[in-house]
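Taking it in order: structure first as structure tokens, then the write-up.
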Amino acid sequence: MTRPSSSFNRICKLLDYIHAHLDQPLSLDDLAQQSCWSRWQLQRVFQSETGLTVANYVRELKLSEAAEALIHGSARVIDIALANGFSSEISFSRAFRQHFGLSPRDYRKLGRHTGLRKPLQLAQRTPPVSQTPQLMQVRVESAESETFYGLATPIRGLLAAAPDFAEQVPSVWAQFTPLMAHQTPQPLTGVIDVTAAADNDHALIYWATSTLPVSGAERVTVPAQTYAVVKHRGPIALLPQTLAWFIFDWLPQSIYRGVDGFELERYPAGYDGTAVHAEMDYWLPIEIA
1 MTRPSSSFNR ICKLLDYIHA HLDQPLSLDD LAQQSCWSRW QLQRVFQSET
51 GLTVANYVRE LKLSEAAEAL IHGSARVIDI ALANGFSSEI SFSRAFRQHF
101 GLSPRDYRKL GRHTGLRKPL QLAQRTPPVS QTPQLMQVRV ESAESETFYG
151 LATPIRGLLA AAPDFAEQVP SVWAQFTPLM AHQTPQPLTG VIDVTAAADN
201 DHALIYWATS TLPVSGAERV TVPAQTYAVV KHRGPIALLP QTLAWFIFDW
251 LPQSIYRGVD GFELERYPAG YDGTAVHAEM DYWLPIEIA
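As structure tokens, then:
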């Protein structure tokens, strides 16, 4: 998928922050706060741009700094652990052994560099051709809590390593639509639960829903939230391109950051996802960065 360079620039800034703050814990929450993305989004974008997971990258840099200190200095192991953002000697020693295959003290006795990781030095890419931001319509909306009724399925979304939403989403809508057969056409909403994605191997729950109670459907309540809303024009099959621009380009250039909340796909009554001029809105939870 072609991506604008804004996400690359943001990741470069985040790398600079990581490299300058290796003496701090640098939790995923901390790093997400430094970026424009939610925890889940950051993990996927970071891996997309670097080929590494953010947690492993930070941990390996910290351990490599510690290994240098063990070889070239005489500081106590506990002091080296604390200086590199570990909360205790026990947690440091466990992580050190997992990475180097030796305890800190044995590594010091070995006295030679092995398994060290150095900070990434990324070369700037030539920005690829992308959707023009001026042609996209984005607005910010605050929405009250809302209850929906529908059917759910697990999916792996746009930012997953192996996306399957293109198959799973049409399938759940095909199951839900017959439940609405005896009702007047209503606006429909795809509800994407991203609240646990960062801790659940990036799995999402997708709901095909209506705001009207439907026999055989389950209930899901979305809390009050502020959203950035992008209008997608054209066949629904092209929605991933709009979302890629939204997340990789618009969000990094805005004053907002993503939040792991409930994302919404809002479809008007009678929506035809194959139509060239079809329009729907995608709502992405945000907060001021």
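With UniProt numbering applied, the sequence shown corresponds to residues 1 to 289, in that order.
Positions of the beta carbon are idealized from the N, C-alpha and C atoms, including for glycine.
Note that this is a predicted model, so its numbers are computed, not measured.
Rounded Cβ spacing between residue i and residue j (contact assumed at less than 8 Å)
i	j	result
residue 69	residue 116	Residue 69 to residue 116, Cβ: 12 Å. No contact.
residue 179	residue 217	6 Å
residue 286	residue 206	About 20 Å separates the two Cβ atoms, so there is no contact after all.
residue 158	residue 243	5 Å
residue 259	residue 139	Incorrect: roughly 17 Å between the Cβ atoms, too far for contact.
residue 34	residue 57	Between residue 57 and residue 34 the Cβ distance is about 14 Å, and since that is not below 8 Å, they are no contact.
Which of helix, strand or coil DSSP assigns to residue i
i	result
residue 7	helix
residue 182	coil
residue 55	helix
residue 144	coil
residue 172	helix
residue 118	coil
residue 156	coil
residue 247	helix
residue 69	helix
residue 86	coil
residue 264	strand
residue 194	coil
residue 94	helix
residue 17	helix
residue 240	helix
residue 104	helix
Residue nearest to residue i in terms of C-alpha spacing, selected from the options
i	options	result
residue 25	278, 84 and 97	84
residue 235	244, 35, 277 and 221	277
residue 255	227, 267, 174 and 239	227
residue 240	174, 164, 221 and 195	164
residue 221	143, 105 and 34	143
residue 99	162, 224, 139 and 61	61
residue 167	101, 219, 224 and 237	237
Residues near residue i in its chain [Cβ-Cβ closer than 8 Å; skip 5 each side]
i	result
residue 71	107, 108, 111, 112 and 113
residue 53	43, 46 and 47
residue 279	231, 232, 233 and 268
residue 103	93, 96 and 97
Where residue i falls, given that 16 or more other Cβ within 10 Å makes a residue buried
i	result
residue 261	buried
residue 118	exposed
residue 80	buried
residue 27	exposed
residue 257	buried
residue 284	buried
residue 127	Note that residue 127 scores a pLDDT of 38, beneath 50, so its modelled location is shaky; the value from the coordinates is reported in the next line. So residue 127 counts as exposed.
residue 192	buried
residue 19	exposed
residue 1	For residue 1, the pLDDT reaches just 46, beneath the cut-off of 50, and the residue's location in the model is therefore unreliable, although a value from the coordinates is still provided. Flag for residue 1 reads exposed.
Close-in-space but distant-in-sequence residues of the same chain around residue i (CB under 7 Å, 5 per side omitted)
i	result
residue 89	77, 78 and 81
residue 212	149, 183 and 186
residue 32	38, 39 and 42
residue 175	151
residue 55	28
residue 22	61, 62, 65, 84 and 85
Nonlocal neighbours in the same chain, by C-beta distance under 6 Å from residue i, ignoring five residues either side
i	result
residue 172	151, 153 and 208
residue 197	40 and 204
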